[in-house]
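Sequential numbering of the sequence shown, starting at 5, is according to our numbering.
Virtual Cβ for every residue (Gly too), placed ideally from N, Cα, C.
This report concerns only the one structure given below.
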Amino acid sequence: MDLAATVAVAFWAMLPAYVPNNVAVLAGGGRPIDGGRTWNGRRVLGDGKTWRGTFVGILAGVVLALVLNALEPAAADGLGVPIPVFPLAAMVALPAGAMLGDILASFVKRRTGRERGAAFPLVDQLDFVVVALALTAVAAPAWFGDTFTLEVIAAVLVLTPLLHVGTNVGAYQLGLKDEPW
Ligand code: CTP
Ligand code: MG
């Protein structure tokens, strides 16, 4: 595959993992996952990780994967490259892994004394990618191996921080998010 095709496949395959975090920003609120509990004087996760944001985020990722599967024949034709079709296990593992990675990052942030909303460079940009890929590799190993070649993974690791910074700055400027990260 040439570079453009590699980037297109990386973007398409990761879309169900990208969208949940953004949807959680819009859908978040209500009861925090940690129920307000603390550990060693600090919140376990903090008010920024809510049940509603997490579930609506995962649901959005699953629905998006279904929509992408419906669009796949047209996209493969238009782009002239084979586009991945998500099996059910990947439809769930990509968004669930993305949300779990973000939650684990908040856990680490609180343990290292970072307040809610504090920036944690690289962890903020890649936490969700690493866990989304790991969970998908376990849940749908054959599909993962076919789709996420070393080239595609390299494209994901370069593309994601750029997209993440771009969308978060946009959400901040629109007043949807409190910090631009
Ligand atoms: N959000 C949510 N549930 C999640 C993830 C995000 O409700 N599982 C919502 C929250 O309203 C959160 C906003 O999306 O404030 C932005 O998400 P994020 O930047 O991940 O959270 P922060 O508030 O910055 O908190 P943290 O420092 O723990 O990352
Ligand atoms: Mg944040």
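Take residue i and list the residues in its own chain whose beta-carbon comes closer than 7 Å to its own, dropping the five residues that flank it on each side.
| i | result |
| --- | --- |
| residue 141 | 148 |
| residue 62 | 24, 99, 100, 103 |
| residue 47 | 38, 114 |
| residue 73 | 89, 90 |
| residue 172 | 181, 184, 185 |
Is residue i near the ligand MG, going by C-beta to nearest heavy atom under 7 Å?
| i | result |
| --- | --- |
| residue 185 | yes |
Contact defined as beta carbons within less than 8 Å: I believe residue i pairs with residue j. What is the distance between those atoms, to the nearest angstrom?
| i | j | result |
| --- | --- | --- |
| residue 14 | residue 156 | 5 Å |
| residue 65 | residue 98 | 6 Å |
| residue 54 | residue 35 | 6 Å |
| residue 25 | residue 106 | 6 Å |
| residue 80 | residue 86 | 6 Å |
| residue 185 | residue 123 | 5 Å |
| residue 60 | residue 28 | 7 Å |
| residue 52 | residue 120 | 5 Å |
Give me, in chain order, the residues of the same chain whose beta-carbon lies closer than 8 Å to that of residue i; leave out the 5 immediate sequence neighbours on both sides.
| i | result |
| --- | --- |
| residue 127 | 109, 112, 113 |
| residue 33 | 54, 56, 57 |
| residue 133 | 18, 21, 102, 105, 160, 161, 164 |
| residue 5 | 13, 85, 155 |
| residue 83 | 9, 12 |
Starting from residue i, trace the alpha helix (DSSP H) both ways and give me its first and last residue.
| i | result |
| --- | --- |
| residue 55 | 55–83 |
| residue 155 | 154–177 |
| residue 107 | 92–115 |
| residue 15 | 7–31 |
| residue 148 | 145–151 |
Quick one: does residue i have its CB under 8 Å from some CB of chain C?
| i | result |
| --- | --- |
| residue 135 | Absent from the structure is chain C; it holds one protein chain and no more. |
Is residue i near the ligand GDP, going by C-beta to nearest heavy atom under 7 Å?
| i | result |
| --- | --- |
| residue 104 | Of the ligands one can find in the structure shown, namely the ligand CTP and the ligand MG, none is the ligand GDP. |
Whose C-beta lies closer than 6 Å to the C-beta of residue i among residues of the same chain, with five residues either side of it excluded?
| i | result |
| --- | --- |
| residue 168 | 129 |
| residue 94 | 140, 144, 147 |
| residue 76 | 87, 89 |
| residue 18 | 160 |
| residue 91 | 144, 147 |
| residue 151 | 17, 88 |
(request) With a cut-off of 5 Å, give the chain-ordered residues whose Cβ is closer than this to any heavy atom of the ligand CTP. (result) Here the residues come out as 28, 29, 32, 50, 52, 53, 54, 57, 58, 110, 120, 121.
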